[in-house]
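Residue numbers (UniProt numbering): 1 to 107.
Where is the CB? At the ideal position from N, CA and C, for every residue including glycine.
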Amino acid sequence: MISTFFLQAAGGAGGIMSFLPMILIVVVFYFFMIRPQMKKQKDHKKYIQELDVNSKVVTTAGIHGRIVEVSEATFLIDVGSGVKMRFDKSAISLDASRAANTEVKKD
Numbered sequence: 001m002i003s004t005f006f007l008q009a010a011g012g013a014g015g016i017m018s019f020l021p022m023i024l025i026v027v028v029f030y031f032f033m034i035r036p037q038m039k040k041q042k043d044h045k046k047y048i049q050e051l052d053v054n055s056k057v058v059t060t061a062g063i064h065g066r067i068v069e070v071s072e073a074t075f076l077i078d079v080g081s082g083v084k085m086r087f088d089k090s091a092i093s094l095d096a097s098r099a100a101n102t103e104v105k106k107d
């Protein structure tokens, strides 16, 4: 009687143990893939909200310019020689804009 109890308990524990690798994969996937991406999106959104007129930016297409006008969903950017282009706020590259602004500060 006691031996059947231990066999059943061991079988139940084996069921949980068989899911342990899957659980570990999900946890690792969350911490190495999902969480950093969410943090990056949050940083990008914060950066876009902090941009103001005369801020230098770089778009995801690689266009460099200076913000002339800020509206709710777009920026009007002067790209040089009086040429102004309107871009969606999501088209601003966080990493490239930060890099362009640090290069300007070094001069």
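Terminal residues of the beta strand (DSSP E) in which residue i lies
i	result
I77	74 to 80
K89	Where K89 is concerned, there is no enclosing beta strand (DSSP E), given that its DSSP letter is neither H nor E.
V53	Run containing V53: none; DSSP gives neither H nor E here.
residue 108	Lying outside 1 to 107, the shown extent of the chain, residue 108 is not represented and no answer is given.
Burial state of residue i (16 or more Cβ within 10 Å)
i	result
F87	buried
F19	exposed
Presumed contact (8 Å Cβ cut-off) between residue i and residue j, rounded CB distance
i	j	result
H64	A100	6 Å
R66	D52	With 8 Å as the limit, R66 and D52 do not qualify as a contact, their Cβ atoms being about 11 Å apart.
L76	K89	With 8 Å as the limit, L76 and K89 do not qualify as a contact, their Cβ atoms being about 11 Å apart.
Neighbourhood of residue i by C-beta distance below 7 Å, restricted to the same chain and skipping five residues each side
i	result
D43	L94
Enclosing alpha helix (DSSP H) for residue i [first to last residue]
i	result
K46	35 to 50
Own chain residues within Cβ distance below 6 Å of residue i, not counting five before or after
i	result
K56	R66, A100, N101
(request) Could you tell me whether the stretch 46 to 54 touches the stretch 24 to 34, using the rule of 3 or more Cβ pairs below 8 Å? (result) no
(request) Please determine if the stretch 80 to 99 and the stretch 52 to 61 are in contact, where contact requires at least 3 C-beta pairs separated by less than 8 Å. (result) yes
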